[in-house]
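Numbering (our numbering), first residue to last: 752 to 1083.
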């Protein structure tokens, strides 16, 4: 088990280096090859030429590519100093970039908004796992019944309807018309009840989409597993049906769902743009949307890095959970 864990950690470290280099290439090399002035992208196309030249010197865009890549890589772990034209800007570690347009380091702004995105993703994940797994398992056990057909119709609607539609509909019905829920966001440090009420509709809206997908995949996987030989053997041995489902069928069903959960949670750590925009949540999704509209490249770069790292960490956790759930991984 320890050898397996060390192998996965080593692979994750290598992948981290690859991710950082790929992100550097996307934001610094590809635009240059396409003839785009990177310095103008960092300060704005309408900026004064002197300001553009100062940023060009600070970023070291005239240095060789390997020097630029090293400074970018080193800045993430040890911080970075942007100097040029007599002006010095310090970006403390971890330096995910510095916005010369808003004169802000990227990392403090992203960490200020990250708790909102984290709360949104984790709260929705709890809901979609509970309801998605329950609906999928019951549909597989009651195949062809009215419950099965009704649950799959609801799941199909959840997959098909976009979040901005279900989000606005839930706001119109439960917040504005009925007044049951106050959907206005309240920081957690101000009021737990206000924060919980403001997050409830976003949780339900986001969970509705993912629960529908998880229910359909759980149903299909469970139906396939229930036809396996080892399930028939467990039943032939006289085990209770609850034991067969819980101990044998569910463990095999969870394996593909863990893969999905790692990818979905990792992607949501970079911001659920549609959900956060619909409910006016001050998370990473709202920030990256503002950065795109304002062409604030460093913040876009920072969110891409955070999303990539979150997906990497989530998949590392999933690999460890594989070994807990599936004995074949430990034996291998």
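Ideal Cβ positions, reconstructed from N, Cα and C, are used throughout, including at glycine. The structure presented is a predicted model; accordingly, all values stated were derived computationally and were not measured.
Item: Quick test of the definition: if touching needs 3 or more C-beta pairs under 8 Å, does the region 985-997 touch the region 1058-1073?; Value: no
Item: Go ahead and label residue 975 buried or exposed: buried means 16 or more other beta carbons lie within 10 angstroms of its beta carbon, across all protein chains shown.; Value: exposed
Item: Rounded to the nearest angstrom, what separates residue 766 and residue 1013 at their Cα positions?; Value: 16 Å
Item: Counting C-beta neighbours from all protein chains within 10 Å, is the total for residue 806 16 or more, i.e. buried, or is it exposed?; Value: buried
Item: Whose C-alpha, out of 938, 948, 792, is nearest the C-alpha of residue 930?; Value: 948
Item: Check whether the Cβ atoms of residue 890 and residue 908 sit closer than 8 Å, and answer yes or no.; Value: no
Item: According to DSSP, residue 831 sits in a beta bridge with which residue or residues?; Value: 842
Item: If you measure between the beta carbons of residue 1023 and residue 871, is that distance less than 8 Å?; Value: yes
Item: Compare the beta carbon distance of residue 1044 and residue 795 with 8 Å and say whether it is the shorter of the two.; Value: no
Item: Quick check on this structure: which residue in 809, 867, 906, 761 has the alpha carbon closest to the alpha carbon of residue 834?; Value: 809
Item: Along the chain, where does the alpha helix (DSSP H) that runs through residue 865 open and close?; Value: 857-892
Item: Identify the continuous alpha helix (DSSP H) that holds residue 1014 and give its terminal residues.; Value: 1001-1019
Item: By Cβ distance below 8 Å, which residues in the same chain neighbour residue 1054 in space, the five residues on each side in sequence not counted?; Value: 861, 1021, 1022, 1035, 1038, 1039, 1042
Item: Can you tell me which of the three DSSP states residue 850 falls into?; Value: strand
Item: Excluding five sequence neighbours on each side, which residues of the same chain lie with their C-beta closer than 6 Å to the C-beta of residue 936?; Value: 949, 1032
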